[in-house]
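Below: the structure, in structure tokens.
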Amino acid sequence: MKKIIVFLGALIVVFGLAACGRGEDSIVIGVDSDSMGNALVEAWNTQFPEREGEVTFRNYGSQNGLDSGMQGLELAQGDAPDIALVIDNEVIGREGVLADIDDELFDRVAPQTHPIWEDINTRGKFFLPAVYDGMAFSWNETMWTEWGYDLTDTTGSGLPDIFDTWESIWAIADTYGMNVSDRPTFDGNPILEFFPISVDEMWSGYPQLTAGGWQLYGDGDFSEPGFETPEFLLGLEFLQAWSETAMSIDETGVKLQADQMGWRWDGYLDGEFPLSLVGTWMPVAESMEDEE
């Protein structure tokens, strides 16, 4: 059995009211799965039996696209769902697509959501955080144990002592060096990357840039992303330090170049990396069962 341990991290998913309502008596909620839609409709009908049928749902799709996300709301206008679940990198700054949420409704719902709503509602009451749709730091326990590593956590950090800092992870990679024949193997294949990172994909590439405490538009001014700050420089220095290690090589023993570091998290479940981020869309439990 391949055992994968997950260390929690998170991303916010939000609900917003479409600015151009459909003008009908029923309320249509846009969600990205039938199971979520059915659950919301059932909850409404149970709590308000006298108004049963007034809430319906559409499998709208939460990711940004022509028929989904914030872009879908912009294009559909009056045909958009009245309330939409959105997973989007650019919700802030596009509030013109949404209607301001009524104060009474907002005051009832906001205390039951994550307090991040205070940070994302910078220009009015437009967004209500609904759930965490997280990417998490994790490790393949089977792989590390097979290599003879002690995975004890004596510091209470939630991570084994051997890789509870980036410096310690880099040191492990450097121990094996750049020769493919010297790299550890798993299922007969050499491990070419210890932790895959992305430098050309804005969502999964963001964490490395925050290593020094930088946040995009951290002061709330959307004309100042904060690139000319010491914190952003520290993030770049973190990437520079990473590049000087043996963390990521190709099949010939050459360090991976920036344009080779795109989205490739899914290979983690196939045993390509000992450490990685995992997302809610990745079938971690099923992968562990398949390896039994």
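Just so it is clear: in the sequence shown, position 196 is 195 by numbering that gives the first Met the number 0, and no numbers are missing. For each residue, glycine too, the CB sits at the ideal point set by N, CA and C.
*Does DSSP put S286 in a helix, a strand or coil?*
For the purposes of this step, residue 286 is identified with residue 287 of the sequence shown, where counting begins at 1. Correct three-state label for S286: helix.
*With a Cβ-Cβ cutoff of 9 Å, do S203 and W262 count as a contact?*
Start at 1 with the first residue of the sequence shown, and residue 203 comes out as number 204. Start at 1 with the first residue of the sequence shown, and residue 262 comes out as number 263. Yes; because the gap between Cβ atoms is below 9 Å, this pair is in contact.
_Only counting the same chain, and skipping five residues up and downstream in sequence, which positions put a Cβ closer than 8 Å to that of G270?_
In the sequence shown, the residue the question calls residue 270 occupies position 271. Same-chain partners within the cutoff: K1, N139, M142, F185, D186, N188.
*asked:* Quick check: the Cα distance between D101 and A172, rounded to an integer number of angstroms?
replied: Against the sequence shown, residue 101 aligns to sequence position 102. Against the sequence shown, residue 172 aligns to sequence position 173. Their Cα atoms are separated by approximately 54 Å.
*Out of Q111, P128, G29, state which residue places its alpha-carbon closest to the alpha-carbon of P80.*
Residue 80 sits at position 81 when you count from the first residue of the sequence shown. For the residues Q111, P128, G29, the minimum Cα distance to P80 belongs to G29.
*Apply the 10 Å Cβ neighbour rule to W169 and answer buried if 16 or more other Cβ atoms are within range, or exposed otherwise.*
For the purposes of this step, residue 169 is identified with residue 170 of the sequence shown, where counting begins at 1. Buried, because 16 or more other Cβ atoms sit within 10 Å of the Cβ of W169.
*When you compare only the Cα positions, how much space is there between P273 and D33?*
The residue you call residue 273 lines up with position 274 of the sequence shown. The residue you call residue 33 lines up with position 34 of the sequence shown. When rounded, the distance between both Cα atoms is 35 Å.
*Just tell me which of E236, V96, P159, L191 has its CA closest to the CA of E250.*
By one-based count along the sequence shown, residue 250 stands at place 251. Checking every option, the nearest Cα to that of E250 belongs to L191.
*Return the CA-CA distance between Q111 and E236, expressed in angstroms with no decimal places.*
Locating residue 111 in the sequence shown gives position 112, where the first residue counts as 1. Locating residue 236 in the sequence shown gives position 237, where the first residue counts as 1. Computed Cα separation, rounded: 39 Å.
*asked:* Using the three-state DSSP reduction, which class does R107 fall into: helix, strand or coil?
replied: Within the sequence shown, numbered from 1, the residue matching residue 107 stands at position 108. Residue state, collapsed to three classes: helix.
*Does the stretch 215-222 touch the stretch 145-154, meaning 3 or more C-beta pairs lie closer than 8 Å?*
no
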